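**Q**
In the working numbering, the protein residues as written are 108 to 200.
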């Protein structure tokens with residue numbers, strides 16, 4: 108019976124301690140495939156396009172170039188385009 112206890116203590120000693128590799132403890136995160144974490148090529152262009160479009164709409168609104176004189180709806184459209192571009196920028200990889 109003493110031998111069975113020593114075997115159990117050896118098994119515990121192998122999974123816990125300072126010099127135990129993390130693979131034996133099960134604390135290793137599996138790697139993702141390298142090609143799966145990139146954004147599509149058009150994603151960056153969409154992001155830049157929305158930023159430029161938003162700035163252009165807001166600027167042209169205050170220069171009174173757009174039809175209907177100055178309108179708060181043009182400001183809303185420009186800000187929505189810019190905020191959506193900033194949201195997309197947080198998801199860019």
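Glycine residues also receive a C-beta, built at the ideal position from the N, C-alpha and C atoms.
Computed from a predicted structure; not experimentally measured.
Run through DSSP, which three-state label would residue 166 get?
**A** Three-state result, residue 166: helix.
**Q** Residue 130 to residue 140, Cα distance in whole Å?
**A** For residue 130 and residue 140, the distance between alpha carbons rounds to 19 Å.
**Q** For my contact list, residue 144 and residue 198 are in at a C-beta cut-off of 8 Å; report their separation, rounded to the angstrom.
**A** No, residue 144 and residue 198 are not in contact; Cβ-Cβ is about 12 Å, not under 8 Å.
**Q** Measuring straight from C-alpha to C-alpha, what distance separates residue 181 and residue 150?
**A** Straight-line Cα distance between these residues: approximately 25 Å.
**Q** Rounded to whole angstroms, what's the CA-CA distance from residue 135 to residue 186? Just pull it up for me.
**A** Looking at the two C-alpha atoms, the distance is approximately 43 Å.
**Q** Are the beta-carbon atoms of residue 188 and residue 164 separated by less than 8 Å?
**A** Their beta carbons are under 8 Å apart, which means residue 188 touches residue 164 by this criterion.
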